[in-house]
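Numbering (our numbering), first residue to last: 17 to 175.
Note that beta-carbon positions come from the ideal geometry of N, C-alpha and C, so glycine has one too.
Computed from a prediction, not measured in an experiment: that's the story for all the values here.
What follows is the structure in structure tokens.
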């Protein structure tokens, strides 16, 4: 269900119950092609009431162990190390997108002509990001990629 690289890193960070929960959620998302908590709760295989399953999923997704830095950074670091040698150039793309009523700002690494999200934040405002927000989102990613030559790709806005 999960690639072995993901599974081995997740085993180091999560206990058996949490690992099983994440595997079930990933499987449900793949099967139902939905990320709505209500839809996932309706199919989540726990013998409890729907509302309890929904709250269980919500609490699970808010666990501190599931932070991007703790959980995703070790996985993406292993992927980058397997594909790009230390000291080589790494291309990052930063972009902001409107997702329903949310303003999502994303940093992605470009590997083999694919953009893989590394880090993201919701901006508490509508519209484009400013330099301070761009520096803030790039800071943890640059720390993650120490030892690489980093090139940041972004749209330029000329006023």
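Checklist line | Residue from 86, 97, 77 and 136 with nearest C-alpha to residue 109 | finding: Position 93 of the chain shown holds residue 109. Cα-wise, what sits closest to residue 109 is 136.
Next item on the list: Between the Cα of residue 53 and those of 41, 62 and 64, spot the shortest distance and give me the residue it belongs to.
Entry: Locating residue 53 in the chain shown gives position 37, where the first residue counts as 1. Out of 41, 62 and 64, the CA that lies nearest to the CA of residue 53 is found in 41.
Check: How would you write the range of the beta strand (DSSP E) that residue 165 sits in, first residue to last?
Finding: Counting from one through the chain shown, the residue named residue 165 turns up at place 149. 165-169 is the extent of the beta strand (DSSP E) around residue 165.
Note to self: Spatial neighbours of residue 81 within its chain, please: C-beta separation below 8 angstroms, excluding the five flanking residues on both sides.
What the structure shows: Within the chain shown, residue 81 is the residue found at index 65, counting from 1. Result list for residue 81: 29, 30, 34 and 87, in chain order.
Checklist line | Under the three-state DSSP convention, the category residue 73 falls into | finding: Counted from its first residue, the chain shown places residue 73 at position 57. If DSSP states are grouped into helix, strand and coil, residue 73 belongs with the helices.
Margin query: Residues in the same chain with beta-carbon distance under 6 angstroms from residue 90, minus the five sequence neighbours each way, listed in chain order, please.
Written below: Your numbering for residue 90 matches position 74 in the chain shown. Result list for residue 90: 25, in chain order.
Notebook entry, point to check: Terminal residues of the continuous alpha helix (DSSP H) containing residue 90?
Noted result: Residue mapping note: residue 90 aligns to position 74 of the chain shown, counting from 1. Residue 90 -> alpha helix (DSSP H) spans 89-99.
Note to self: Nearest by alpha-carbon distance to residue 77: which of 39, 156 and 167 is it?
What the structure shows: The residue you call residue 77 lines up with position 61 of the chain shown. Among 39, 156 and 167, the Cα nearest to that of residue 77 is on 39.
Note to self: Rounding to the nearest angstrom, what Cα-Cα distance links residue 160 and residue 36 in this structure?
What the structure shows: As a position in the chain shown, residue 160 is number 144, starting the count at 1. As a position in the chain shown, residue 36 is number 20, starting the count at 1. Approximately 28 angstroms, taken between the alpha carbons.
Note to self: Could you compute how far the alpha carbon of residue 139 sits from the alpha carbon of residue 155?
What the structure shows: On the chain shown, residue 139 is found 123 positions in, with the first residue counted as 1. On the chain shown, residue 155 is found 139 positions in, with the first residue counted as 1. If I take the Cα positions, the gap works out to 16 angstroms.
Notebook entry, point to check: Skipping 5 residues on each side, what residues in its chain have a beta carbon closer than 8 angstroms to that of residue 45?
Noted result: The residue given as residue 45 occupies position 29 in the chain shown. Taken in chain order, the residues that qualify are 51 and 56.
Checklist line | Alpha-carbon spacing of residue 134 relative to residue 123, whole angstroms | finding: As a working mapping, residue 134 is identified with position 118 in the chain shown. As a working mapping, residue 123 is identified with position 107 in the chain shown. Each residue's alpha carbon lies about 6 angstroms from the other.
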